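Worksheet: the structure to be examined is printed underneath.
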Amino acid sequence: MGTASDIKLIDEKGIRIDGRSLSELRPIKIETDVLERADGSAYIEWGGNKIMVAVYGPREAYPKHTQDIDKAVIKARYNMAAFSVDERKRPGPDRRSVEISKVISEALQCAIIVEQFPRAQIDVYIEVLQADAGTRIAGLTAASVAVAAAGIPMRDLVVGCTAGKVDGKIVLDLGKEEDNFGQADLPMGILAKSGKIVLMQMDGDLTAEEFDEATTMIYDATKRINDIQREALAGKYRALAMERGGE
Amino acid sequence: MTETKQIVMPGDPIDGSLGKPRNGVYKCGDQQFCSSYFGIVQVSDQFIDVVPFSGPYYPRRGDKVIGKVIEVGPSMWTIDINSPYHTLMHMNDTPWRTNAGDIKKYLAPGDYIYAKVMTLNDIRESWITLKDVGLRKLEGGHMTSVSAPKVPRIIGKGGSMVNMIKDATGTRIVVGQNGLIWIDGESENVMIAISAVKMVENEAHTTGLTDRMQKYLNEVKGGVNGNSK
C-alpha cells in the first residue's frame, strides 16, 4: 500500500490499467457442487483469482473443548497454494492467513443460523489456487455459496467486495497493481438482503467523504455480485425443472 | 393439495399470506418471514415450508432411521445415523436378552440397523430403540444413500414411489428417514433399484415424476429380461 511508483494507474479518460472504468467489477464466475465428497462446494473465478471452497458439516466439534453448548462453531481455513502467487509462497498457515481465516469465520457466523446446531462445527476450507488481489472477499463470496449449497440454514447470503483509492480516486474492486501501488484498500462483507456489514477491514487512509463514496460503491456492486451467486446456485435446478416440467 | 415450486435462497422473503410458515423459515422483522435454506417453497393446505435441496438429517422423535454401528461399549452402542451427531442405543432397548459386557455378539461395528428415534434433548443428544414392530438388524443387502430432505419424495404419496420401484425390480427396500436406503435382492435388480432411487433424488424438485419413473422402470426392466434370456 502506498509504495512509491511512477506507474500511471488511471489515465486521463478515467480508464484503469486493466481497461475498466472506476466502478466496474472484474468478470466473476461461480460454480457450485464441484467436489463430490464435500457436503457443499463452490469454485469462483474473480478476475485472476481462482478459489475452491469446500464445506463439511455440521458435525460434532472435536477437540471437545472447542464445542459450544449453545451453538455451532465455524472453522474457516483460508489457505494459499504455494503456486498461487508470483514468487513461491511458503506453504502452511502464516500471520496473514490466520487473520483472514478468523475474519471469514466471523463473517460466516453472522449469516449461518448457528443456534440450530449446539456442540457442532462447520468446516469451511478456502483454497486459493491463484491470487490476484481481493482473495479474502472472493473466498468469502464463494464460501457463502458453498454453505448454502450444503443445505445449512442461513439468514442471508454473504457478499464481499472491495473498493480503494488509486491515484487519488475511489475505485471499485482493486486489481493486483492497484492493490500494490494504490493508497487504500477497503474490503467489505455484506449480508445481501439486509445490508448488514459482517466484515470490514481497511489498509491505508481514506477521508470520511472518500470512505462514504467507497461504501456506496460497494453496496451498489454487491447487488450485482449477489445476482451471480443466486444464478450459480439456482441455475442448474431451474434448467432441469424446465426440461422435465415443473417450476 | 396444490403444489407450486419456486426456488428460493437464504434471506428471500416468504409470502406469509399463503399459509402458516413452518419448516425452513425464520422470522425476519415484524410479520415478515424469510427462507433459511436454498431450496424450494412448498405450499400445502395450511402450511408453507422451504425444503432444502440437500443438507444433514435432523433427528425427530418417532422417526424410523437406518443406522450404522460404529462403536460398542459395555452397555451401549454408538450409532451413526447420518446426522450431525452420533446417537446411542442402550442394550435394554433391544429385543434380545443381553448381558452387559457381552453385547458385541448381537451388533458389531459395521452392522446396520433399522431403528426408531426414542428421545431427543435440547443439546441434540438422542437415543434410539429397536423395540417396535418392524425394527431389526439389517442383514445382507446393499446400502445407498440420498440426502435427507429428499426422502419424502423417494417414498412418495402413501409409499407410492418406493412401492413402484419394489414391484418393478422385485427387491426388498427399507427407506430410513435419514436418507439411508437398504436394498436386498438379485444384484442386477438391486442396481436398477439404486439407479431409480438416484434418479428420483436428482429430479425431486420436478413435477410428474411418478409417471416418468414408471416409464423408466418399464424400459429398464425390459432390458434386464432381454439380457437374462
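Those protein sequences? They're chains A and B, same order as listed.
Following this note's numbering, the numbering of the first sequence begins with 1 at its first residue and continues without gaps.
Following this note's numbering, the numbering of the second sequence begins with 1001 at its first residue and continues without gaps.
Just so you know, even glycine gets a beta-carbon here, dropped at the ideal spot from N, CA and C.
Remember, it's a predicted structure, so these values are computed and weren't measured experimentally.
Quick check on the DSSP output: the beta strand (DSSP E) that includes residue i runs from which residue to which?
{"i": "residue 119(A)", "result": "Per DSSP, residue 119(A) belongs to no beta strand (DSSP E) and is neither H nor E."}
{"i": "residue 49(A)", "result": "49–60"}
{"i": "residue 233(A)", "result": "Element bounds for residue 233(A): not the beta strand (DSSP E) but the alpha helix (DSSP H), 208–244."}
{"i": "residue 1172(B)", "result": "1172–1175"}
{"i": "residue 1184(B)", "result": "1180–1184"}
{"i": "residue 30(A)", "result": "28–32"}
{"i": "residue 1119(B)", "result": "1112–1120"}
{"i": "residue 172(A)", "result": "169–172"}
{"i": "residue 140(A)", "result": "Here residue 140(A) belongs to no beta strand (DSSP E); instead the alpha helix (DSSP H) covers 135–149."}
{"i": "residue 1155(B)", "result": "Here residue 1155(B) belongs to no beta strand (DSSP E); instead the alpha helix (DSSP H) covers 1151–1155."}
{"i": "residue 75(A)", "result": "73–80"}
Name the DSSP bridge partner or partners of residue i?
{"i": "residue 1035(B)", "result": "1025(B)"}
{"i": "residue 191(A)", "result": "158(A)"}
{"i": "residue 1096(B)", "result": "For residue 1096(B), which the question treats as bridged, DSSP gives no partner whatsoever."}
{"i": "residue 1042(B)", "result": "1049(B)"}
{"i": "residue 1078(B)", "result": "1071(B) and 1088(B)"}
{"i": "residue 1145(B)", "result": "1180(B)"}
{"i": "residue 197(A)", "result": "190(A)"}
{"i": "residue 40(A)", "result": "55(A)"}
{"i": "residue 1013(B)", "result": "1034(B)"}
{"i": "residue 89(A)", "result": "None; residue 89(A) has no bridge partner."}
{"i": "residue 130(A)", "result": "50(A)"}
Which residue comes first and which comes last in the alpha helix (DSSP H) that contains residue i?
{"i": "residue 1130(B)", "result": "No alpha helix (DSSP H) contains residue 1130(B), which DSSP labels as neither H nor E."}
{"i": "residue 1191(B)", "result": "1187–1202"}
{"i": "residue 1168(B)", "result": "1160–1169"}
{"i": "residue 102(A)", "result": "95–111"}
{"i": "residue 64(A)", "result": "First-last for residue 64(A): undefined, no H or E at that position."}
Quick one: which chain A residues come within Cβ less than 8 Å of residue i?
{"i": "residue 1205(B)", "result": "237, 240, 241 and 246"}
Closer than 7 Å by beta-carbon distance: list the chain B residues that pair up with residue i, in chain order.
{"i": "residue 118(A)", "result": "1123 and 1124"}
{"i": "residue 192(A)", "result": "1011"}
For residue i, return the contacting residues in chain B, with the cut-off set at a CB-CB distance below 9 Å.
{"i": "residue 149(A)", "result": "1038, 1053 and 1054"}
What residues from chain B crowd round residue i, counting only those whose CB sits closer than 8 Å?
{"i": "residue 233(A)", "result": "1009 and 1038"}
{"i": "residue 230(A)", "result": "1009"}
Output, in chain order, the set of chain A residues within a Cβ distance shorter than 9 Å of residue i.
{"i": "residue 1149(B)", "result": "151"}
Of all Cβ atoms in chain D, is any one closer than 8 Å to the Cβ of residue i?
{"i": "residue 1023(B)", "result": "Although the question refers to chain D, the structure presented lacks it and instead comprises the protein chains A and B."}
Taking any Cβ of chain B, which residues in the segment 154–167 of chain A have a Cβ under 7 Å from it, in chain order?
-> 154, 155, 156 and 157
Can you find at least 3 beta carbon pairs, one from the segment 132–146 of chain A and one from the segment 68–75 of chain A, that sit closer than 8 Å?
-> no
Counting Cβ pairs closer than 8 Å, one from the segment 106–117 of chain A and one from the segment 14–22 of chain A, do we hit at least three?
-> no
Could you please tell me which residues of the segment 1072–1096 of chain B, in chain order, have their CB closer than 8 Å to any CB of chain A?
-> 1084, 1085 and 1086
Of all the residues that make up the segment 49–78 of chain A, which are near chain B by a beta-carbon distance shorter than 8 Å?
-> 57, 58, 59, 60 and 69
Going along the chain, which residues of the segment 1022–1036 of chain B sit with their C-beta nearer than 8 Å to a C-beta in chain A?
-> 1024, 1026, 1028, 1034 and 1036
Indicate whether the contact test is met: 3 or more Cβ pairs, each with one atom in the segment 23–34 of chain A and one in the segment 85–100 of chain A, closer than 8 Å.
-> no
Got a sec: which bits of the segment 1153–1170 of chain B sit with their beta carbon under 7 Å from any beta carbon on chain A, in order along the chain?
-> none
Does the pairing of the segment 1170–1185 of chain B with the segment 1139–1147 of chain B give three or more beta-carbon distances under 8 Å?
-> yes
Could you run through the segment 95–124 of chain A and flag, in chain order, every residue whose CB is less than 7 Å away from some CB of chain B?
-> 113, 117, 118, 119 and 120
Counting Cβ pairs, one atom from each stretch, are 3 or more of them under 8 Å apart for the segment 58–71 of chain A and the segment 120–133 of chain A?
-> yes
With contact counted as at least three CB pairs below 8 Å, one residue from each stretch, are the segment 1108–1121 of chain B and the segment 1056–1064 of chain B in contact?
-> yes
Count the CB pairs spanning the segment 1020–1027 of chain B and the segment 1071–1083 of chain B that are closer than 8 Å, and state whether there are at least three.
-> no
Three or more C-beta pairs closer than 8 Å, one from the segment 31–41 of chain A and one from the segment 141–161 of chain A: is that the case here?
-> yes
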